[in-house]
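Okay, structure first, notes after.
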Amino acid sequence: QVQVVESGGGLVQPGGSLRLSCTASGSVFSTYAMSWSRQAPGKERELVAHITSAGGSTNYADSVKGRFTISRDNAKNTVYLRMNSLKPEDTAIYYCRARTPGMSYYWGQGTRVTVSS
């Protein structure tokens, strides 16, 4: 069982920045592909960003390209989501997911991001 815990959400003004963090348990974190998804009120959950286990490849939703950056520190069992130029439409609960080499998926409880003046 992999425990996934997100942190770093909060209230930010439009144009501001936040950095979300996600830690996942286990001694083989470096083998997990990690991703961030979000779910806004009344909408389906959408994939925001993905990073491979070695961190060599990243992918982003079109809506966040150029504004969000996913990165990871395998020594700290942590993946980050740096969010710049935030917009009100980025308001959502952000979830972190770990995917093991055996294709098991583990989700965190989510962290709320609110972009509002």
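The numbering of the sequence shown is the numbering used here, which starts it at 1298 and goes up by one.
We treat Cβ as the ideally placed atom computed from N, Cα and C, and that holds for glycine.
These numbers were taken from a predicted model, which means no experiment stands behind them.
Does residue i come out as helix, strand or coil in the three-state DSSP assignment?
i: alanine 1351; result: coil
i: serine 1413; result: coil
i: alanine 1337; result: coil
i: serine 1327; result: helix
i: alanine 1439; result: The structure shown does not extend to residue 1439, since the chain is modelled only from 1298 through 1414, so no value can be given for it.
What does a CB cutoff of less than 8 Å around residue i pick up in its chain, not counting 5 residues either side in sequence?
i: serine 1314; result: Arg1379, Met1380, Asn1381, Ser1382, Leu1383
i: arginine 1316; result: Gly1305, Tyr1377, Leu1378, Arg1379, Met1380
Can you give me the Cβ contacts of residue i inside the same chain, cut-off strictly under 7 Å, excluding the 5 residues immediately before and after it?
i: valine 1412; result: Val1309, Pro1311, Leu1383, Lys1384, Pro1385, Asp1387, Thr1388
i: threonine 1349; result: Ala1330
What's the C-alpha gap between residue i and residue j?
i: valine 1302; j: tyrosine 1329; result: 15 Å
i: valine 1410; j: isoleucine 1390; result: 6 Å
i: cysteine 1319; j: glutamine 1406; result: 11 Å
i: glycine 1323; j: asparagine 1374; result: 8 Å
i: threonine 1366; j: alanine 1351; result: 16 Å
i: glutamine 1336; j: threonine 1397; result: 23 Å
i: serine 1414; j: glycine 1307; result: 13 Å
i: leucine 1300; j: alanine 1321; result: First, the amino acid is wrong: residue 1300 is glutamine here, not leucine. If you take the alpha carbons of glutamine 1300 and alanine 1321, they lie about 5 Å apart.
i: lysine 1340; j: tyrosine 1392; result: 14 Å
i: asparagine 1356; j: glycine 1399; result: 21 Å
i: glutamine 1298; j: tyrosine 1403; result: 8 Å
i: asparagine 1371; j: arginine 1342; result: 26 Å
Going by beta carbon distance, what residues of the same chain come within less than 6 Å of residue i, once the five residues before and after it are set aside?
i: serine 1368; result: Tyr1377
Checking the sheet assignment: what are the DSSP bridge partners for residue i?
i: threonine 1388; result: In the DSSP output, where bridge partners are listed per residue, threonine 1388 has none listed.
i: serine 1332; result: His1347, Arg1394
i: alanine 1321; result: Val1301
Looking at residue i: is its Cβ nearer than 8 Å to the Cβ of residue j?
i: serine 1334; j: valine 1325; result: no
i: arginine 1394; j: serine 1327; result: no
Following a CB-centred definition, is residue i positioned closer than 7 Å to any heavy atom of the ligand ATP?
i: arginine 1409; result: This structure lacks the ligand ATP; in fact it carries no ligand of any kind.
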